Amino acid sequence: MADDTVGDVLRAERLRLRLTLEQAGRLIGFSSSTLSRIEHNLRRLDIEELRAVASRYGIAPSRLGLATVDDQQHIDGSGGHVQRRQFLTAAAGLAVPYAVLARLDDALVALPAARGQVTESTVTASMAVSQALFDRAQYTALVAGLPGLLAAAHELADVHQDSRSQATVAACYNLATHTLTKLGQHQVSRLTADRAMNHARRADSPLALALSARAIGVVLRHEGRPRIAQRVTLGAIGAVQATGLTVPAERAVLTQILCTAAYSAATNGDQDQAVDLIGAAEDAVCGLDRPVIVGGNAVTPAQVQLYKIGVHRAAGDSSQALDAARGLRPEHFATAERRSRLHTDLARAWWMHGRPEQTAAALLAAYHEAPTELTGRPAIRHIGLDLVRRHPHTSGARELRLALRSSV
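Under UniProt numbering, the residue at position 177 of the sequence shown is numbered 177, and the numbers go up by one with no gaps.
Below is the structure:
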């Protein structure tokens, strides 16, 4: 530890992960006031507490002054634990510590017991906290809280056994799916997407089914199965249209699923249908006189325009993608995650267009909005690494290299 105290190390790690005292305390099992005392060296931790904290922060126990013990010596000869660690971390880069991902993986096998009183209002509040973490791209705290959120949602559904509670469980799994997909955890996200669909079916709600179809469509695209993704999302469009679109939420969900279907069609090489579908999304969103939040996203004309960039890029037309971005600005989006997504989508379009300088500028803009959108999304991180390797002297390459290196 050199001259650093335990408190110094823990505070540095919390700041590196961009967590508040409350978020970090929830992650490692202390109140925010207790964690503050620990960081200021006013409360000592015993050996077991030190090991638990090191595990939950994803750091070596030796950094907290513990003797170095290779935990890998205790795994069986099959190497299963090593393979699991590689599986959970290889795609996720450095955005979320292995221990946090492993706890979620365990929870998907056997949910922990729900903590505290479980009511519709407490589950809704927990879901709102998790969504806010997603909106700020704070994925470590989000993933750390998912086991508890899922456990509470399941307990609520077990007690009430009604459509509303089943839709809530589906929504929690959808959030998990979108988060895991961003982190490159595609096999785990397939599991959460399947569970979301199952609970949406039990809810017997066209909107819940459409939002879950949207999530599983994203997973299927990443699995290299755009054709089935297109089929799933097209089926959901028909179900939402059959509602009559009498309330804003129905029109907002239709807009969302049209955007996702357009992206799937573009990925599948069906450019004509992709253009038709994104055009239909533009028409649908015009029927909304204000932003409507569904599935955690504010459905607005700007959101549809952002999708349009991705649709044209997925279809292989970087010129059209860049043209679609005209007039779109970060201030059109309310969350850091969406503002960063604008920059990463532009970076991908500029990279396809053969413009490394503009690509670097867009990646750095994304990093300044939400660092993990550069360092934690495998596809985006790969572009950044490729750029600094192939164009080390282009404007912005040095800053980009430092940003990528700072996450190691």
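Just so it is clear, CB atoms sit at the ideal spot from N, CA and C, and this is done for glycine as well.
Treat the numbers as computed from the prediction; the structure is a model and nothing was measured.
Neighbourhood of residue i by C-beta distance below 6 Å, restricted to the same chain and skipping five residues each side
{"i": "Leu322", "result": "Ala349"}
{"i": "Ala236", "result": "Ala210, Ala213, Ile257"}
{"i": "Lys182", "result": "Arg377"}
{"i": "Gln23", "result": "Ala141"}
{"i": "Arg164", "result": "none"}
{"i": "Gln230", "result": "Ser264, Ala265, Asn268"}
{"i": "Val53", "result": "Ile28"}
{"i": "Tyr307", "result": "Cys259"}
{"i": "Asp272", "result": "none"}
Cβ-based burial, residue i [other Cβ within 10 Å; buried from 16]
{"i": "Gly79", "result": "Any reading at Gly79 is ruled out, since the residue's pLDDT is 46, under 50, leaving its predicted position unreliable."}
{"i": "Arg251", "result": "buried"}
{"i": "Ala397", "result": "buried"}
{"i": "Arg405", "result": "exposed"}
{"i": "Asn174", "result": "buried"}
{"i": "Gly217", "result": "buried"}
{"i": "Thr20", "result": "exposed"}
{"i": "Ala92", "result": "Residue placement at Ala92 cannot be trusted, given a pLDDT of 43 that sits under 50; the coordinates are not used to answer."}
{"i": "Leu277", "result": "buried"}
{"i": "Arg195", "result": "buried"}
{"i": "Glu13", "result": "buried"}
{"i": "Arg11", "result": "buried"}
{"i": "Gly172", "result": "What sits at residue 172 in the sequence shown is Cys, not Gly. Buried, since its Cβ has 16 or more Cβ neighbours within 10 Å."}
{"i": "Gln73", "result": "Residue placement at Gln73 is flagged as unreliable, the pLDDT there being 34, under the threshold of 50; the coordinate-derived value follows with that caveat. Under this definition Gln73 is an exposed residue."}
{"i": "Thr68", "result": "Reliability fails at Thr68, whose pLDDT of 44 lies under 50, so the model's placement of it is uncertain and no value is given."}
{"i": "Ala309", "result": "Note that residue 309 is Ile in the sequence shown, not Ala. Ile309 should be labelled buried."}
{"i": "Ala125", "result": "exposed"}
{"i": "Ala114", "result": "buried"}
7 Å Cβ cutoff met for residue i and residue j
{"i": "Ala176", "j": "Leu220", "result": "no"}
{"i": "Ile28", "j": "Arg56", "result": "yes"}
{"i": "Thr233", "j": "Ser264", "result": "yes"}
{"i": "Glu373", "j": "Ala141", "result": "no"}
{"i": "Val143", "j": "Val188", "result": "no"}
{"i": "Ala239", "j": "Pro206", "result": "yes"}
{"i": "His343", "j": "Ala302", "result": "no"}
{"i": "residue 410", "j": "Ala208", "result": "Lying before the first or after the last residue shown, residue 410 is absent from the chain, which here runs from 1 to 408."}
{"i": "Leu17", "j": "Leu108", "result": "no"}
{"i": "Ala203", "j": "Ala167", "result": "yes"}
{"i": "Glu337", "j": "Asp135", "result": "yes"}
{"i": "His353", "j": "Ser395", "result": "no"}
{"i": "Leu400", "j": "Val388", "result": "yes"}
{"i": "His40", "j": "Gly7", "result": "yes"}
{"i": "Ala215", "j": "Leu254", "result": "no"}
{"i": "Pro330", "j": "Arg341", "result": "no"}
{"i": "Pro356", "j": "His393", "result": "no"}
Other residues of its chain near residue i: CB distance less than 8 Å, five sequence neighbours each side excluded
{"i": "Ile383", "result": "Ala347, Arg348, Trp351, Thr359, Leu363"}
{"i": "Cys34", "result": "In the sequence as displayed, the identity of residue 34 is Thr instead of Cys. Closer than 8 Å at Cβ, skipping near neighbours: Gly25, Arg43."}
{"i": "Ile380", "result": "Thr344, Ala347, Arg348, Leu363, Ala366, Glu373, Leu374"}
{"i": "Arg227", "result": "Asn268"}
{"i": "Val294", "result": "Leu207, Leu211, Ala249, Ala252, Val253, Gln256"}
{"i": "Ser31", "result": "Gly25"}
{"i": "Val118", "result": "Ala152, Glu155, Leu156, Val159"}
{"i": "Gln320", "result": "His312"}
{"i": "Asp70", "result": "Unreliable placement is indicated for Asp70, whose pLDDT of 40 sits below 50; the coordinate value is still reported in the next sentence. Here the set comprises nothing."}
{"i": "Asp270", "result": "Gln230"}
Close-in-space but distant-in-sequence residues of the same chain around residue i (CB under 7 Å, 5 per side omitted)
{"i": "Pro248", "result": "Leu288, Val292"}
{"i": "Ala266", "result": "Ala274, Val311, Ala314, Ala315"}
{"i": "Gln305", "result": "Ala324, Leu328"}
{"i": "Thr179", "result": "Phe134, Tyr139, Leu142, Val143"}
{"i": "Gly77", "result": "Note on Gly77: pLDDT 38, under 50, position unreliable in the model; the coordinate value appears next. Hits under 7 Å: none found."}
{"i": "His222", "result": "Thr181, His186"}
{"i": "residue 417", "result": "Nothing can be reported for residue 417, as the shown portion of the chain is limited to 1 through 408."}
{"i": "Glu120", "result": "Leu156"}
{"i": "Asn198", "result": "none"}
Expected contact under 8 Å - CB spacing of residue i and residue j to nearest Å
{"i": "Ala281", "j": "Ala262", "result": "7 Å"}
{"i": "Leu111", "j": "Ala151", "result": "5 Å"}
{"i": "Ser130", "j": "Leu149", "result": "6 Å"}
{"i": "Val9", "j": "Arg63", "result": "5 Å"}
{"i": "Pro61", "j": "Leu45", "result": "Their Cβ separation, rounded to whole angstroms, is 12 Å, which puts Pro61 and Leu45 out of contact at 8 Å."}
Runs of 4 residues minimum, wholly inside the region 350-396: which ones carry the alpha helix (DSSP H) assignment?
356-369, 371-375, 378-390
Jot down the residue ranges of each uninterrupted beta strand (DSSP E) in the region 165-243, minimum 3 residues, whole runs only, in chain order.
none
What residue ranges within the region 271-327 form continuous beta strand (DSSP E) runs of no fewer than 3 residues, ordered along the chain?
292-294, 297-299
Enumerate, from N- to C-terminal direction, the unbroken alpha helix (DSSP H) stretches of 4 or more residues contained entirely within the region 103-156.
120-135
Going along the chain, which unbroken runs of the alpha helix (DSSP H) with 4 or more residues stay wholly within the UniProt domain "HTH cro/C1-type" (10-64)?
21-28, 32-39, 47-57
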